[in-house]
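**Student:**
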Amino acid sequence: MKTYIKFLSKIFLNSFFYVSLVMFSLIFILNLLSELDFFKDIKVDNFFPIYLSLLNSPTFIFEMFPFIFLISTQLFFITLFNNNQLSIFKYTGLKNSNILFIISLMSFFLGILIITFFYSFSSSLKNFYLDLKTNYTKDGKYLAVITKNGLWIKDVVDNKILIINSVKIEQNHLIDAYISEFNNNFEIRRNIVSPKIDISSKNWIIYNAEVFDKNKKQKLKSLKINTNFDYLIIQNLFSNLSSLSIIELLQLRENYKSLNYSIIEIDIQLLRLISFPIYLVLMTVLSSIIMLSTKELKSSILKISIGLFFSVVIYYLFNFFNVLGKTEKINIFSSVLMPLILLTIINSIIIRKFNEK
Numbered sequence: 002m003k004t005y006i007k008f009l010s011k012i013f014l015n016s017f018f019y020v021s022l023v024m025f026s027l028i029f030i031l032n033l034l035s036e037l038d039f040f041k042d043i044k045v046d047n048f049f050p051i052y053l054s055l056l057n058s059p060t061f062i063f064e065m066f067p068f069i070f071l072i073s074t075q076l077f078f079i080t081l082f083n084n085n086q087l088s089i090f091k092y093t094g095l096k097n098s099n100i101l102f103i104i105s106l107m108s109f110f111l112g113i114l115i116i117t118f119f120y121s122f123s124s125s126l127k128n129f130y131l132d133l134k135t136n137y138t139k140d141g142k143y144l145a146v147i148t149k150n151g152l153w154i155k156d157v158v159d160n161k162i163l164i165i166n167s168v169k170i171e172q173n174h175l176i177d178a179y180i181s182e183f184n185n186n187f188e189i190r191r192n193i194v195s196p197k198i199d200i201s202s203k204n205w206i207i208y209n210a211e212v213f214d215k216n217k218k219q220k221l222k223s224l225k226i227n228t229n230f231d232y233l234i235i236q237n238l239f240s241n242l243s244s245l246s247i248i249e250l251l252q253l254r255e256n257y258k259s260l261n262y263s264i265i266e267i268d269i270q271l272l273r274l275i276s277f278p279i280y281l282v283l284m285t286v287l288s289s290i291i292m293l294s295t296k297e298l299k300s301s302i303l304k305i306s307i308g309l310f311f312s313v314v315i316y317y318l319f320n321f322f323n324v325l326g327k328t329e330k331i332n333i334f335s336s337v338l339m340p341l342i343l344l345t346i347i348n349s350i351i352i353r354k355f356n357e358k
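Numbering (our numbering), first residue to last: 2 to 358.
(1) Can you tell me where the beta strand (DSSP E) with Gly112 in it begins and where it stops?
(2) Can you give the beta carbon distance from Glu266 to Leu233, rounded, assuming they're within the 8 Å contact cut?
(3) Would the segment 109 to 126 and the segment 305 to 323 be scored as touching if the rule is three or more Cβ pairs under 8 Å?
(4) Leaving aside the five residues before and after Asn356 along the sequence, list all residues of the same chain whose C-beta is less than 8 Å from its C-beta, in chain order.
(5) Does the distance from the C-beta atom of Asp156 to that of Ile170 stay below 8 Å?
(6) For Ile79, which of Lys258, Thr295, Phe39 has the nearest alpha-carbon?
(7) Hey, Ile291 and Ser336: beta-carbon distance below 8 Å or not?
(8) Do Val168 and Ile193 have their C-beta atoms closer together than 8 Å?
(9) Checking 8 Å against the spacing of the C-beta atoms, do Ile264 and Arg254 come in under that value?
(10) Look at Pro50 and Leu33 and say whether their C-beta atoms are less than 8 Å apart.
(11) Smallest Cα separation from Val158: which of Ser125, Lys203, Leu87?
(12) Within the same chain, show all residues whose beta-carbon is closer than 6 Å to that of Ser181, passing over the 5 residues directly before and after it, in chain order.
(13) Examine the Cβ distances between the segment 65 to 75 and the segment 278 to 290 and report whether three or more of them are shorter than 8 Å.
(14) Please report how far the alpha carbon of Phe319 lies from the alpha carbon of Ile352, in whole angstroms.
(15) Using CA coordinates, which residue listed in Asn229, Ile176, Ile69 is at the minimum distance from Phe17?
(16) Among Asp46, Ala210, Ile115, Leu293, which has the Cα closest to the Cα of Ile100?
(17) Relative to the C-alpha of Ile154, which residue among Lys161, Val146, Tyr92 is closest?
(18) Select from Lys217, Lys215, Gln236, Tyr208 the residue whose C-alpha is nearest the C-alpha of Lys225.
(19) Measuring alpha carbon to alpha carbon, tell me which residue in Ala210, Tyr92, Ile198, Phe334 is nearest Leu175.
(20) In the DSSP assignment, what residue or residues form a beta bridge with Tyr208?
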C-alpha cells in the first residue's frame with residue numbers, strides 16, 4: 002500500500018473514531034437522563050439505568066452513522082487544511098478526486114463492517130434492553146408475537162387472562178381465531194372458536210362464535226369481549242425493527258407473509274440496510290464537497306455548522322420518503338432509493354469542479 006494512502010486512511014479513521022466516541026458519549030448521557038426520568042418512581046438498583054443506557058445507545062449510534070461520517074470527513078479535511086497538507090499533495094500530483102476516492106472507498110468498507118457486525122451487535126443489545134425494560138412498564142403483562150403458527154396474544158383484562166391465536170389478519174379482522182380464557186390462577190374457564198373477529202376497537206366483536214364452557218358447546222352469531230388491543234395497537238407492537246438482526250428480519254418477514262400481515266416496514270428496513278454503505282459514501286462525498294467549497298473560510302465551526310445544516314435537511318428528506326413508503330404513497334424501492342438518487346445527482350453536479358479547487 003502506498004504511503005500516502007496509509008497516511009490518509011489513518012487520519013480518516015482517527016477522525017471517525019473520535020467523532021463516534023463523542024456521539025456515543027452524548028447519546029449515552031441523553032439515554033441516561035431518559036432512564037432516570039422513567040425510573041424516578043420505581044425502585045431499582047442505582048446502576049440499572051446506567052446499564053440500560055449502555056444497552057440502548059448502540060442502536061442510536063447506528064442511526065447516527067451517516068452524520069458521523071459527514072462530520073468525520075469534515076474533521077479529516079480540517080486536519081489537512083491546518084497542516085497545509087492538501088496543497089502539498091496537490092504539488093506532488095495527488096488530485097482532490099484521488100483523496101475523495103480513497104476516503105469514499107474506506108466509507109464503503111466501513112459501511113459493510115457496520116452492517117455485518119455492528120448492526121447485529123446493536124440489535125441484540127436493543128432486544129435485551131426491551132426485554133429488561135418491559136418488566137417495568139405498565140403493559141408488561143401483555144404480550145403479542147408472530148410465529149409460523151400465526152399471531153399470538155396474551156392479554157389480562159377484567160380479572161381474566163386471554164390467550165389468543167389467529168391464523169391471519171385481514172384489514173381489521175382476525176381470521177380463524179381461537180381464544181382460551183383463564184382465571185387469575187390459570188384455570189381454564191372457556192374456549193372460543195371463531196372464523197372472524199372484528200378488532201377495529203378494543204371491544205372485539207366475535208362472529209359465529211363457538212363457545213366451549215366445560216362440557217357444553219354453545220353457538221352464538223356474535224359475542225363481544227373487552228381487550229387491551231385493537232388493530233392499530235397490534236400494528237405498532239411490531240414496529241420496533243431495530244431490535245432484530247437481518248436474519249431475524251427475514252424470518253419475521255416469512256411469518257408476516259404466512260399471517261397475511263403487511264411486510265412493507267420489514268422490506269423498507271431490509272432495503273435501508275442493503276443500501277446503507279452507499280448512503281455513507283454519499284454523505285462522505287457531500288461532506289468533502291462542502292469542505293473543499295468552503296476551504297477559504299477560516300472558521301472551522303462555521304464549516305461544521307454548514308455540514309450540520311445539510312445533514313438535518315438530508316435527515317428530513319430521508320424521513321419524508323420513508324413515511325411515503327410506509328403509508329404506501331410510493332413503492333418501497335422509491336422510498337429508499339429516491340433520496341439516494343437525489344443525493345447522487347447533487348454530488349455529481351458539483352464533483353466535476355473538485356480538481357479546480
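Glycine included, C-beta positions come from ideal geometry on N, C-alpha and C.
Everything numeric in this text was worked out from a predicted model, so none of it was measured.
**Tutor:** On the basis of the supplied data:
(1) Unbroken run through Gly112 is the alpha helix (DSSP H), 97 to 114; no beta strand (DSSP E).
(2) Actually they are not in contact, since the Cβ atoms of Glu266 and Leu233 sit about 14 Å apart, beyond 8 Å.
(3) No, the segment 109 to 126 is not in contact with the segment 305 to 323.
(4) Low confidence applies to Asn356: its pLDDT is 49, below 50, so where it sits in the model is not reliable, and the reading given next is rough at best. Once the five neighbours on either side are set aside, the close Cβ partners of Asn356 are Lys96, Asn97, Ser98.
(5) One thing to note: Asp156 has its Cβ no nearer than 8 Å to the Cβ of Ile170.
(6) Minimum Cα distance to Ile79 is reached at Thr295.
(7) No; because the gap between Cβ atoms is not below 8 Å, this pair is not in contact.
(8) In this structure, Ile193 does not lie closer than 8 Å to Val168 by Cβ.
(9) Arg254 sits close to Ile264, with the two beta carbons spaced by under 8 Å.
(10) Yes, the pair counts as a contact, with Cβ atoms nearer than the cut-off.
(11) Nearest option by C-alpha distance: Lys203.
(12) Hits under 6 Å: Ile164, Asn192.
(13) Because the criterion of three Cβ pairs below 8 Å is met, the segment 65 to 75 and the segment 278 to 290 touch.
(14) In a straight line, the C-alpha of Phe319 is about 22 Å away from that of Ile352.
(15) Among Asn229, Ile176, Ile69, the Cα nearest to that of Phe17 belongs to Ile69.
(16) Residue Leu293 holds the alpha-carbon nearest to the alpha-carbon of Ile100 among Asp46, Ala210, Ile115, Leu293.
(17) Looking at the Cα atoms, Val146 is the closest of the given residues.
(18) For the options Lys217, Lys215, Gln236, Tyr208, the alpha carbon positioned closest to that of Lys225 is the one of Tyr208.
(19) Considering only alpha carbons, the answer is Ile198.
(20) DSSP lists Lys197, Ser223 as partners of Tyr208.
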